[in-house]
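Once you know that position 25 of the sequence shown is 25 in full-length UniProt numbering, the rest is easy, because the numbers rise by one and skip nothing.
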Amino acid sequence: MIPYVSVCFRRKRSILVIKKAEPEDSGVYECRATSATGDTVSSTSRVMVLSPEATTTPKAEPYYESVVTTSWPYNEQLCLFSAYCLNGGTCIKTGSLEEIHCVCAEGFKGLRCAEKDVSNKSSTYVHTYFCKLGIASSYYC
1 MIPYVSVCFR
11 RKRSILVIKK
21 AEPEDSGVYE
31 CRATSATGDT
41 VSSTSRVMVL
51 SPEATTTPKA
61 EPYYESVVTT
71 SWPYNEQLCL
81 FSAYCLNGGT
91 CIKTGSLEEI
101 HCVCAEGFKG
111 LRCAEKDVSN
121 KSSTYVHTYF
131 CKLGIASSYY
141 C
């Protein structure tokens with residue numbers, strides 16, 4: 001790879017970074033993703049790098065792309081981090097993405113099932129309260 005070009009990998013996306021972009025770096029760039037099952041999707045973008053003297057009056061050129069959708073299934077399975085989810089939540093790993101999330105037990109919610117969902121069922125009006133686990137292992141609302 002070119003020394004002034006790097007790729008930042010994020011959970012759900014990657015970013016191509018071109019440091020010190022020059023007019024020679026202008027062109028059509030393609031991003032291609034292949035799933036674990038071999039399905040491939042791609043998207044292209046036109047990049048125009050203007051020289052410093054041209055930046056005072058930039059010219060925009062409309063360029064439209066279609067929306068890229070993926071059709072491969074996400075294979076979910078139990079993850080190895082059983083202690084990751086709190087309050088009886090189940091830890092799930094999503095396929096080749098290596099992302100984990102929690103399926104919370106009834107009465108709990110949040111990223112790691114740390115928030116207690118307290119609802120007043122006896123009232124004609126529904127009041128929902130969200131509680132968090134405190135330092136002393138008790139809930140506060």
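All C-beta atoms in this analysis are idealised placements derived from N, C-alpha and C, irrespective of residue type, glycine included.
As assigned by DSSP and simplified to three states, the class of ASP25: As a working mapping, residue 25 is identified with position 25 in the sequence shown. Here ASP25 sits in helix by DSSP.
Selected residue, minimal CA-CA separation from LEU50, among LYS116, LYS93, THR44 and GLU24: For the purposes of this step, residue 50 is taken as the residue at position 50 of the sequence shown. Nearest of LYS116, LYS93, THR44 and GLU24 to LEU50, Cα basis: GLU24.
Buried or exposed (CB count within 10 angstroms, at least 16 for buried), GLU106: In the sequence shown, residue 106 corresponds to position 106, counting from 1. Exposed.
Cβ-based neighbour list, VAL5, same chain, cut-off 6 Å, excluding 5 preceding and 5 following: Counted from its first residue, the sequence shown places residue 5 at position 5. Same-chain partners within the cutoff: ILE18.
Environment of GLY27 [buried if 16+ CB atoms lie within 10 Å]: If you number the sequence shown from 1, residue 27 lands on position 27. Exposed, since its Cβ has fewer than 16 Cβ neighbours within 10 Å.
DSSP bridge partner residues for GLU98 (one or two, in chain order): On the sequence shown, residue 98 is found 98 positions in, with the first residue counted as 1. DSSP output for GLU98 lists no bridge partner at all.
Residue from ALA114, SER45 and THR37 whose Cα sits closest to the Cα of GLU30: As a working note, residue 30 is residue 30 in the sequence shown. That would be SER45, whose Cα lies nearest to the Cα of GLU30.
Sheet register partners of residue 147 (DSSP bridge): Nothing about residue 147 can be read from this structure; the chain reaches only from 1 to 141.
DSSP bridge partner residues for LEU16 (one or two, in chain order): In the sequence shown, counting from the first residue as 1, residue 16 sits at position 16. For LEU16, which the question treats as bridged, DSSP gives the partners VAL7.
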